[in-house]
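Peer 1:
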Amino acid sequence: MPLELVTIPCLSDNYAYLLHDPDSGQTAVVDVPEPGPILAALDAHQWRLTDILITHHHPDHIQGVETLRAATGAMVLGAAADAHRLPRLDLALDESSSFSIGREFARVIDAPGHTVGHIAFYFPQSGYAFTADSLMSGGCGRLFEGTPRQMHATLQKFASLPPETLICSGHEYTTSNLRFAATVDPDNPALAARIAETAAARAAGQATVPVKLSVELTTNPYLRAHLAQVKAAVGLPDADDVAVFTEIRARKDKF
Ligand code: ZN
Ligand code: FE
13 MPLELVTIPC LSDNYAYLLH DPDSGQTAVV DVPEPGPILA ALDAHQWRLT DILITHHHPD
73 HIQGVETLRA ATGAMVLGAA ADAHRLPRLD LALDESSSFS IGREFARVID APGHTVGHIA
133 FYFPQSGYAF TADSLMSGGC GRLFEGTPRQ MHATLQKFAS LPPETLICSG HEYTTSNLRF
193 AATVDPDNPA LAARIAETAA ARAAGQATVP VKLSVELTTN PYLRAHLAQV KAAVGLPDAD
253 DVAVFTEIRA RKDKF
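This is the structure in structure tokens:
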């Protein structure tokens, strides 16, 4: 049985996620943009928070951590490399770390690019990857600290996960990400279809995350920089994949 997964909208366009193991009662939250909606979701499910998982140091992912820790006594887990700029960690993680929620072991994936200490959490049995602002629905995070080469390598790690993996990213940016994607991958019918599906979901007030990796592989331009059709569309038919990725990311910054 997969862990129960609850997507929680926070602030204007952030997401937090709850993970719950019914047998042990262990319950984790991934990122804490604000405490209120998370406490409300815990209350609604009658779950007791045991673990707070942090992906990276930006305020819109950590600013509710201390309130939640004080309210629940949960353990806080985050990147050892970023311990100096994260809330106090009860467990400092690197890529060799693993921890469990109930009986399910999670893997820590280093995901530099958006920030240098960004990590992701992968639950292989349930098939969830919490990627926050690294691999995002239809896009990837802005490169505030890392290089394009780092982010490209990060995204390649996610691209190699099983295609049915659910990508749980940190923001509701899908609409604008896909609008940009169409400018660098214009002859992609899967992308056109996804744009229409996303518009319908948003019109109905639904979240567009999580999303299957298989969908990202066919529509996310940052996972498609190796394709001749994308290289041609950005005017770099003979460039290597990292150069094409770099060009796509730079264009998005000006989009
Ligand atoms: Zn961020
Ligand atoms: Fe963010």
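Per my numbering: the sequence shown = residues 13 to 267.
A virtual CB, placed ideally from N, CA and C, is assigned to each residue, including glycine.
1. What is the DSSP secondary structure of Ala118, reduced to helix, strand or coil?
2. Measuring straight from C-alpha to C-alpha, what distance separates Pro249 and Glu16?
3. For the stretch 81-118, which segments carrying the beta strand (DSSP E) assignment without a break, of at least 3 residues, lie completely within its bounds, in sequence order?
4. Taking the DSSP output, what are the residues bridged to Thr143?
5. In angstroms, rounded to a whole number, what distance separates the CA positions of Asp106 and Thr166?
6. Could you tell me whether the stretch 110-122 touches the stretch 29-48, where touching means 3 or more Cβ pairs closer than 8 Å?
7. Does the Cβ of Asp145 lie closer than 7 Å to at least one heavy atom of ligand 2?
8. Less than 7 Å separating the Cβ of Gly158 from some heavy atom of ligand 2?
9. Between which residues of its own chain and Phe257 is the CB-CB distance below 7 Å, once the five residues before and five after are set aside?
10. Taking 8 Å as the threshold, find out whether the stretch 57-73 comes into contact with the stretch 142-153 through three or more Cβ pairs.
11. What did DSSP end up calling Pro49 once you bin it into helix, strand or coil?
12. Taking the alpha-carbon of Gly151 as reference, which of Leu23, Val196, Ala213, Asp122 has the nearest alpha-carbon?
13. For Ala95, which residues in the same chain have their Cβ closer than 7 Å to its Cβ, ignoring the five residues on either side in sequence?
14. Less than 7 Å separating the Cβ of His164 from some heavy atom of ligand 1?
15. Would you give the residue range spanned by the beta strand (DSSP E) that Asn26 belongs to?
16. Would Ala244 be called buried (16 or more neighbouring beta carbons within 10 Å of its own) or exposed?
17. Given 7 Å as the limit, tell me if Asp265 has its C-beta closer than that to any heavy atom belonging to ligand 2.
18. Below 8 Å on the Cβ atoms is my contact criterion, and I expect Asn200 with Thr231 to pass it. Report the Cβ-Cβ distance as a whole number of Å.
19. Mind reading off the beta-carbon distance from Leu98 to Thr177? Whole number of angstroms is fine, and I expect it under 8 Å.
Peer 2: Concretely, from the data shown:
1. In the structure shown, the three-state DSSP call for Ala118 is strand.
2. Cα-Cα distance, rounded: 44 Å.
3. 87-91, 103-105, 110-113
4. Its beta-bridge partners do not exist; DSSP assigns none.
5. For Asp106 and Thr166, the distance between alpha carbons rounds to 15 Å.
6. yes
7. Checking the Cβ of Asp145 against ligand 2 gives yes.
8. no
9. Pro160, His164, Tyr234, Ala237
10. yes
11. helix
12. Val196
13. If you ignore the 5 residues before and after Ala95, its C-beta comes within less than 7 Å of the C-beta of Leu101, Ala104, all in its own chain and listed in chain order.
14. no
15. 26-32
16. Burial call: exposed.
17. no
18. Yes, they are in contact, since the Cβ atoms of Asn200 and Thr231 sit about 7 Å apart, within 8 Å.
19. So it is not a contact: roughly 26 Å between Cβ atoms.
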